[in-house]
Amino acid sequence: MGKQKVNSVLPPGSYYFSGDEAVAEGAIAARCGYCAGYPITPATETLERLSVRFGEVGAAFMQMEDEIASICSCIGASWAGAKAMTITSGPGFSLMQEAIGYAVFTETPLVLVDAQRSGPSTGQATRVGSGDIMQAKWGSHGDYLAIALSPWSVQELYDQTINAFNLAERFRVPVFVMAEEATAHLHERIEVGAEVELFNREKKPGAPPFGTEEEDGVPPMPVFGDGEKLLITGSTHDEWGVRKITHPEIHRKLVTRLQKKILNRSQEIIQYDSHYLDDAQVAVICYGFTARSALFAVEQLRGEGKKIGVLRLKTLWPFADELIKDIGSRVGKIFVPEMNMGQVAGEVMKYAACEVVSYGQVNGEIVHPHTIIEQLRRLV
Amino acid sequence: MVRELEKYFRPGIGVTTYCPGCGEAILQGLILRAIDELKLNMDEMLFVSGIGCAAWIPSPYFNADSLHTLHGRTIAFATGAKMVNPKLKVMVISGDGDLADIGGNHLIHGARRNMDMTVICANNQNYGMTGGQVCATTPEGALTMTTHQGNPFRPFDLCRLVKAAGAVYVARYAVTQPVAMVRGIKKALQTEGFTFIEALTPCPVQFGRRNKLGKPAEMLKDLMTKCISEEKAETLSTEELKSKIITGEL
Ligand SMILES: Cc1ncc(C[n+]2csc(CCOP(=O)(O)OP(=O)(O)O)c2C)c(N)n1
Ligand code: SF4
Ligand SMILES: [Mg+2]
Chain A
3 MGKQKVNSVL PPGSYYFSGD EAVAEGAIAA RCGYCAGYPI TPATETLERL
53 SVRFGEVGAA FMQMEDEIAS ICSCIGASWA GAKAMTITSG PGFSLMQEAI
103 GYAVFTETPL VLVDAQRSGP STGQATRVGS GDIMQAKWGS HGDYLAIALS
153 PWSVQELYDQ TINAFNLAER FRVPVFVMAE EATAHLHERI EVGAEVELFN
203 REKKPGAPPF GTEEEDGVPP MPVFGDGEKL LITGSTHDEW GVRKITHPEI
253 HRKLVTRLQK KILNRSQEII QYDSHYLDDA QVAVICYGFT ARSALFAVEQ
303 LRGEGKKIGV LRLKTLWPFA DELIKDIGSR VGKIFVPEMN MGQVAGEVMK
353 YAACEVVSYG QVNGEIVHPH TIIEQLRRLV
Chain B
29 MVRELEKYFR PGIGVTTYCP GCGEAILQGL ILRAIDELKL NMDEMLFVSG
79 IGCAAWIPSP YFNADSLHTL HGRTIAFATG AKMVNPKLKV MVISGDGDLA
129 DIGGNHLIHG ARRNMDMTVI CANNQNYGMT GGQVCATTPE GALTMTTHQG
179 NPFRPFDLCR LVKAAGAVYV ARYAVTQPVA MVRGIKKALQ TEGFTFIEAL
229 TPCPVQFGRR NKLGKPAEML KDLMTKCISE EKAETLSTEE LKSKIITGEL
């Protein structure tokens, strides 16, 4: 198992998809075997497409009675051997939080696409927002770490959905694709290659499914019906899944391994791209749809000779702390535009030594390039 | 539980965690007896349970794949596993609070979809594990840690509920009816589709004590006199029926 190149399910070529459709096709390309969800704007179209396309490719689709049932059925499906995915938006993401903690603690590979809309609560259900970033980090109780990706285009919704499956299987962890209404409902042309690289979960008959010798290891994962007599529990457990609910050392070891298996490999996980940073005096740190506006704005200002660069985070969690520390030591100011009240800006402040200026916009609209230009003019 | 059934226990797990006199321990033995009589292959079985005393019946004790899940969500977890691997023989074992209170919606939807699984609901009329609070099956007037004046609400008739939701096989037995219970569980396991057993089981420590129902043995005797068949029920007046519980296939 492990890494493997397989043929693309879609014939290679150009396609004109919405972001939601690209998520569905990305899941099919990744050989997702089970998807369950509950309709919610702006994620519904992914479900609708999968309900048709899964029938064609022989995967199982379920519309469940709510989002809790959706994610729980995905966890059951994952242990039965399928790559599993659920799709939702803020209200559903909130309902799923308890089960996310269960998936983390039982080391269940799972992909969750959160097509973010403007919250809190029902908020403006059809408008854009990016307010679920900290929820993706700490929405469930207890200490844990999952992986969260932030695509900025329809192409990336396709690519990052595939990447999310690979990371989930590789690290046995839930992976969140933090889409946004603006990308979910955007239609763009995407390119589909002839092959996709996939990671399929490691099995090792007879090996303990919940522990490793290394303090940061990822154990192999058997599935139901393999005769391994699996014992899976959301209580603290030893490497065989036997509940250990009062042993301090076993709890400490498990909780820290689950963090370290990701943190110690963050270089392997974290993706970003950077533009014009070499001589920059101001760096714009951005992600998701806002990065499109930011790059446009910076290119305009570069034309006027302003020394501004852009760091676009494609991975939000684990956080690119080293990189930001480095940028923070080289520029005078960092500007963080986002569609929330400064969730990522707060994180940047933790690591950057320079001044960090947060621009949080919560009006249900995208951050317009002109807004960013205007803000940046004040900084340089 | 008799020695011959110990072969179904996970090696190395010695003692069970039930309070002395708990009916759920009897139920555990009866489920294994049904599996034994049907000669089911434990390697093809999947046990799914929630949170509560009853959820400990299969996990960690049964030596088979077991998914000990969240409070109330058993049927959703089981649905995903069954959808992906239809060869798995799926058995959900959990408490009344788990399946009918917090998990009530999943219960009726599982039945409506006729998902192929057998659900055993241990009805001990309260939340045993959390110290004896009222639940959806607590009788009207009963005392619990959260109904000190007596439960003001009516209980669910779980069998009627699940039957109305579409389950293909529904039966109620008490742990004091071991032969019938084993027969019922076997039939449920052999029936394709969503099958449901409501297992009446005394919780002497949390429910019995508060309602002055006496020692475990007295609670068992009480169940023995209360449980009657549907045929017998037809011969009784409405007044006489008030103190009775109808058991059997419903
Ligand atoms: C989401 C959530 N809420 C509450 C609890 C606390 N809790 C644990 S067990 C339980 C009740 C279990 O009752 P039941 O299913 O009837 O099982 P019993 O112990 O009676 O066999 C509750 C409320 C929990 N674990 N999770
Ligand atoms: S609390 Fe009640 S149901 Fe739980 S083990 Fe004790 S007697 Fe049994
Ligand atoms: Mg109970």
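Chains as they are written, first to last, in the working numbering: chain A, 3 to 382; chain B, 29 to 278.
Where is the CB? At the ideal position from N, CA and C, for every residue including glycine.
- If only complete runs of 3 or more residues are kept, the segment 39-110 of chain A shows the beta strand (DSSP E) at 62-65 and 86-90, in order along the chain.
- Rounded to the nearest angstrom, the gap between the Cα atoms of A/D240 and A/G78 is 21 Å.
- Partner residues in the beta bridge of A/R191, as assigned by DSSP, are A/Y18.
- The bridge partners DSSP lists for A/E357 are A/K335.
- Taking CB atoms only, A/K246 has no neighbour in chain B less than 8 Å away.
- Considering only A/Y289, A/E376 and A/G28, the residue with the shortest C-alpha distance to A/N165 is A/G28.
- The Cβ-Cβ distance between A/R55 and A/L200 does not fall below 8 Å.
- For the segment 185-214 of chain B, the set of positions with a beta-carbon nearer than 9 Å to some beta-carbon of chain A is empty.
- If one requires a minimum length of 4 residues, the alpha helix (DSSP H) runs lying completely within the segment 103-164 of chain A are 135-140, in chain order.
- The Cβ atoms of A/D22 and B/N133 do not sit closer than 8 Å to each other.
- Each of A/K308, A/F173, A/F95 and A/K231 was checked against the Cα of B/E72, and the nearest Cα belongs to A/K231.
- Taking the C-beta atoms as reference points, A/S142 is found nearer than 8 Å to A/G103.
- Chain B places a beta carbon closer than 8 Å to that of A/L233, counting this residue as a contact.
- Counting along the chain, the unbroken beta strand (DSSP E) around A/F178 starts and ends at P176 to V179.
- Using a CB distance cut-off of 8 Å, A/G60 does not count as an interface residue toward chain B.
- Around the beta carbon of A/Y18, a 10 Å sphere encloses fewer than 16 other beta carbons of the protein chains shown; the residue is thus reported as exposed.
- In the assembly as shown, B/S257 is an exposed residue. Its beta-carbon has fewer than 16 other beta-carbons within 10 Å.
- Relative to ligand 1, A/Y160 has its C-beta separated by 7 Å or more from all heavy atoms.
- For A/G4, the enclosing beta strand (DSSP E) covers residues G4 to N9.
- Pairwise C-beta distances place the segment 119-138 of chain B in contact with the segment 91-100 of chain B, as three or more of them are shorter than 8 Å.
- The alpha-carbon of B/Y46 is positioned some 11 Å away from that of B/G80.
- In the DSSP assignment, B/F75 falls within the unbroken beta strand (DSSP E) covering M73 to S77.
- In the three-state DSSP reduction, A/V350 falls in the helix class (H, G or I).
- Residue state for B/Y46 is assigned as coil, using DSSP reduced to three classes.
- Cβ contact annotation for A/E349 (same chain, cutoff 7 Å, sequence separation greater than five): F321, in chain order.
- Counting only residues of its own chain and dropping the five nearest sequence neighbours on each side, A/I30 has a CB closer than 7 Å to the CB of V11, R55 and V59.
- For B/I79, the distance from the CB to the nearest heavy atom of ligand 1 is below 7 Å.
- Within the same chain, S132, S152, W154 and E182 come within 6 Å of A/G290 by CB-CB distance, once the 5 residues on both sides are set aside.
- At least one heavy atom of ligand 1 falls within 7 Å of the beta-carbon of B/C163.
- For the 8 Å CB-CB criterion, A/S91 and A/I42 form a contact.
- For a Cβ distance threshold of 7 Å, residue set L95 and A109 of chain B lies close to A/W81, ordered along the chain.
- For B/T102, the three-state secondary structure derived from DSSP is helix.
- Residues are counted here when their Cβ sits less than 8 Å from a Cβ of chain B; for the segment 21-38 of chain A these are G35, Y36 and A38, given in chain order.
- If you check the C-beta of B/T45 against ligand 1, you find no heavy atom less than 7 Å away.
- Residue pairing by DSSP leaves B/Q56 without any beta bridge partner.
- Separation of A/T110 and A/S80 (C-alpha to C-alpha, rounded to the nearest whole angstrom) is 7 Å.
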